[in-house]
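Please read the structure below before turning to the comments.
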Amino acid sequence: MMKLMMAGAFATVAAAVFVTAAAAQDSANIGEQGLQTEPMELVIDDEKMMTRVKAPADSPFTELISGWEFRNPGTRKMELDDFDNPAFIWVEQGEELWSTVDGTEGKSCATCHEDASDSMKGVRAAFPKWDEAKGKPQAMEHQVNECRTERMGADAWKWESDQMLGMTAYVGLQSRGMPVQVEIDGPMQEWWQRGKDLYYQRVGQLDMSCANCHEDNYGKMIRADRLSQGQINGFPTYRLKWQKIGSLHRRFKGCMQNIRAVGYKRGSDEFTALELYVASRGQGLSVETPAVRQ
Ligand code: HEC
Ligand code: HEC
Numbered sequence: 324m325m326k327l328m329m330a331g332a333f334a335t336v337a338a339a340v341f342v343t344a345a346a347a348q349d350s351a352n353i354g355e356q357g358l359q360t361e362p363m364e365l366v367i368d369d370e371k372m373m374t375r376v377k378a379p380a381d382s383p384f385t386e387l388i389s390g391w392e393f394r395n396p397g398t399r400k401m402e403l404d405d406f407d408n409p410a411f412i413w414v415e416q417g418e419e420l421w422s423t424v425d426g427t428e429g430k431s432c433a434t435c436h437e438d439a440s441d442s443m444k445g446v447r448a449a450f451p452k453w454d455e456a457k458g459k460p461q462a463m464e465h466q467v468n469e470c471r472t473e474r475m476g477a478d479a480w481k482w483e484s485d486q487m488l489g490m491t492a493y494v495g496l497q498s499r500g501m502p503v504q505v506e507i508d509g510p511m512q513e514w515w516q517r518g519k520d521l522y523y524q525r526v527g528q529l530d531m532s533c534a535n536c537h538e539d540n541y542g543k544m545i546r547a548d549r550l551s552q553g554q555i556n557g558f559p560t561y562r563l564k565w566q567k568i569g570s571l572h573r574r575f576k577g578c579m580q581n582i583r584a585v586g587y588k589r590g591s592d593e594f595t596a597l598e599l600y601v602a603s604r605g606q607g608l609s610v611e612t613p614a615v616r617q
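Each residue of the sequence shown is one higher than the one before, counting from 324 in the working numbering.
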């Protein structure tokens with residue numbers, strides 16, 4: 324009985340919040356599933372990004388679709404050419420920091436890792452990764468700060484600082500075009516489950532879960548936005564709304580705020596577990612870092 328009432332209440336909320344694609348006064352070029360009808364491929368520097376891949380058998384989706392596919396043509400185009408992609412201001416900053424000596428040890432990232440295009444290739448695709456010493460998974464930001472504080476004698480960067488965003492964008496770029504492939508076995512399993520529980524847990528005044536929007540209603544309009552599957556293959560991502568590049572955990576926080584839930588801290592165990600789980604839902608999509616979104 325209780326369950327029925329809840330379901331009924333949700334249906335009312337959902338009806339009020341979501342508008343089906345057909346009814347939406349949205350731009351042309353978007354079809355019934357909320358996907359582009361004007362054919363465009365995401366090819367950057369002659370490399371084709373896999374923006375749609377067949378979902379594995381245990382996936383809630385039949386097809387995994389990059390958030391890029393759901394954006395309007397103008398936003399999509401900005402990602403085709405690095406000169407048009409405003410995130411590259413941060414990438415350049417990250418590249419400079421890579422070989423800048425900092426901290427008491429007199430080292431830069433390059434001292435140990437040398438050429439990033441070699442040493443950092445594929446790294447973004449596999450994060451979050453298990454950290455044996457800490458006994459938990461780490462997001463890339465954690466790893467960068469571990470190197471700074473434990474190996475360089477330098478201060479940690481703030482999660483959402485321009486330095487951290489620049490560095491994670493620069494390191495992430497070295498994996499662009501490579502398929503997302505996170506490890507979820509062994510000790511990661513428990514964290515993956517924790518992330519999954521968070522993903523399906525209804526929270527906030529609107530009593531909604533991530534899945535209510537990104538799994539049950541992707542392709543539909545919610546206010547002025549078209550819902551995607553909430554994939555994370557483009558982070559850090561330049562967001563037009565932010566007028567800057569932003570971290571994945573900032574995005575998570577924003578989504579939780581939108582349903583009037585109290586979010587977790589950037590870098591918290593909760594968001595790291597959630598990142599691991601959501602990454603696993605996008606296995607095989609190309610890393611697009613740094614992507615452009617609305
Ligand atoms: C003194 C040497 C040293 C310096 C300097 C250093 N690192 Fe590292 N870094 C390491 C080692 C060693 C590892 C492997 C750690 C591990 O596996 O737990 C590592 C791992 C990493 C990884 C993960 C690589 C992977 O394959 O998963 C990233 C990303 C990284 N470092 C980024 C940076 C950045 C960015 C800087 C500069 C701000 C930096 N590191 C400075 C030694 C260093
Ligand atoms: C009320 C609906 C709603 C809920 C609930 C919600 N989001 Fe979102 N989310 C959005 C909207 C709208 C956007 C921007 C358009 C898009 O990409 O879907 C977005 C974007 C995202 C993106 C960026 C996708 C990209 O391609 O850059 C991620 C990642 C994301 N959400 C994850 C989550 C997670 C994790 C949760 C649960 C903690 C969550 N969202 C809950 C509405 C929601």
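Glycine included, each C-beta is placed from N, C-alpha and C at the ideal position.
Around the beta carbon of TRP565, fewer than 16 other beta carbons lie within 10 angstroms, which makes this residue exposed.
By the C-beta criterion, the segment 495-503 is judged to be in contact with the segment 607-615, since at least 3 inter-stretch pairs fall below 8 Å. Secondary structure at THR398: helix, using DSSP grouped into helix, strand and coil.
Counted as a single uninterrupted DSSP element, the alpha helix (DSSP H) harbouring ASP485 occupies residues 485-496. For the 9 Å CB-CB criterion, SER422 and CYS435 do not form a contact. At least one heavy atom of ligand 1 sits closer than 8 Å to the Cβ of ARG474. DSSP, reduced to helix, strand and coil, places SER609 within a strand of the structure shown. In the three-state reduction of the DSSP assignment, ILE568 falls in the strand class. When the Cα atoms are used, GLN504 and MET401 turn out to be separated by approximately 26 Å. Contiguous alpha helix (DSSP H) elements confined to the segment 440-472 occur at 463-469, taking only those with 4 or more residues.
When DSSP reads this structure, PRO502 sits in a beta bridge with SER609. MET487 is positioned such that its CB atom lies closer than 9 Å to that of GLU464. Here the distance from the Cβ of LEU571 to the nearest heavy atom of ligand 2 is below 8 Å. The beta-carbon distance between THR560 and GLY553, rounded to whole angstroms, is 12 Å. This is too long to meet the 8 Å contact definition. The three-state reading of DSSP puts LEU387 in strand, counting E and B together.
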